[in-house]
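The next block holds one structure in the form of structure tokens; read it before the comments.
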Amino acid sequence: MGNSWCLLCGCVDQASIGIVERWGRFEKLAEPGLHFFNPLAGQCLAGILSTRISSLDVRIETKTKDNVFVQLLCSIQYRVVKENADDAFYELANPKEQIQAYVFDVARALVPRMTLDELFEQKGEVAKAVLEELEKVMGAYGYSIEHILMVDIVPDASVRKAMNEINAAQRLQLASVYKGEAEKVLQVKKAEADAEAKYLGGVGVARQRQAITDGLRENILNFSHKVEGTTAKEVMDLIMVTQYFDTIKDLGNSSKNTTVFIPHGPGHVRDVGEQIRNGLMEAASAQVTLE
């Protein structure tokens, strides 16, 4: 889209505003459309300004309060105010340079009062301060500042590397803490499980021995009643001899054992019998105590 004018007429495009002069002096604003001029009276179309929103990217290099050099990429969106187009046309020769200068001035006055972390957290405050200053200054020249965006904050490469290393170290430290807590919980649970297993194992052994004791007692009583003239001691000796020979038989039939040394003799059988009798008496005594 182009703007065209001649000695007698001129065309102003849509979203634009024309500046009409008479003998080199501003006379009026020309709205979009076709306009006729009287060159004999010194009237002409001096220029045309676009009222569309324009964008200007400004890169600012400054340092923070903790002496870290950073680059700020700021995007300014501005436009010409239609009613004040004559001020924009006559007052400023290069509005982009004017906007850039004020952005530099505000940013370099505000950023050195912040640390790098604060700058990342409050970049919206920096953009707001720049917007307020530009609106106040550029409004007098016929320009409206629509938006200011703090697009990017780029610290020095060495600073970025150091920040990444710090972040990685903190995460590793946190991971170590979590790992230690997990190992602690695992050890505690393992100890609790071991204690519970030993307790249940002890209960099981106790019940097993009690069952063996009860079975032997019933066998002795039954045998004594059915065979007259036998005493409990004789029945116990007979059971022990039978169990003794059954044990030797099982050891001999086992395929995993080639040679087994077992003390053999009547005295050893008598010793085993005495141990079992003592165990029976202790179990009976413990049961009476519990009751």
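For the record, in the sequence shown the residue sitting at position 58 is 58 according to full-length UniProt numbering, with numbers rising by one throughout. A virtual CB, placed ideally from N, CA and C, is assigned to each residue, including glycine.
N-terminal and C-terminal residue of the alpha helix (DSSP H) that residue 108 is part of = 95-110
Looking only at C-alpha atoms, which of 82, 65, 24, 97 sits nearest to residue 57?
-> 97
Is the distance from the Cβ of residue 151 to the Cβ of residue 75 below 8 Å?
-> yes
Name, in chain order, the residues that DSSP records as bridge partners for residue 62.
-> 70
Out of 14, 79, 89, point me to the one whose CA is closest to residue 27's CA.
-> 89
Which value, in whole angstroms, describes the spacing of the CA atoms of residue 142 and residue 23?
-> 23 Å
If you draw a straight line from the C-alpha of residue 144 to the C-alpha of residue 70, how long is it?
-> 28 Å
Is residue 150 helix, strand or coil by DSSP?
-> strand
What separation, rounded to the nearest whole angstrom, lies between the Cα atoms of residue 99 and residue 21?
-> 27 Å
Does DSSP put residue 15 in a helix, in a strand, or in coil?
-> coil
According to the neighbour-count rule (16 or more other Cβ atoms, all chains shown, within 10 Å of its Cβ), is residue 64 buried or exposed?
-> buried
8 Å Cβ cutoff met for residue 17 and residue 46 | no
How many whole angstroms separate the CB atoms of residue 79 and residue 53, which I take to be in contact at a CB cut-off of 8 Å?
-> 5 Å
Flag this pair as touching only if the stretch 126-133 and the stretch 99-111 have three or more C-beta atom pairs under 8 Å; answer yes or no.
-> yes
Of all the options 30, 208, 115, 66, which has the alpha carbon lying nearest to the alpha carbon of residue 51?
-> 30
Between which two residues does the beta strand (DSSP E) carrying residue 33 extend?
-> 33-36
Whole angstroms is fine: what's the gap from residue 163's alpha carbon to residue 140's?
-> 43 Å
Between which two residues does the beta strand (DSSP E) carrying residue 47 extend?
-> 43-50
Could you spell out where the beta strand (DSSP E) holding residue 28 opens and where it closes?
-> 25-30
If residue 9 and residue 40 are in contact, beta carbons under 8 Å, what's the gap, nearest whole angstrom?
-> Contact doesn't hold; Cβ gap of about 14 Å is too wide.
Where residue 177 falls, given that 16 or more other Cβ within 10 Å makes a residue buried = exposed
Among 101, 200, 158, which residue has its Cα nearest to the Cα of residue 68?
-> 158
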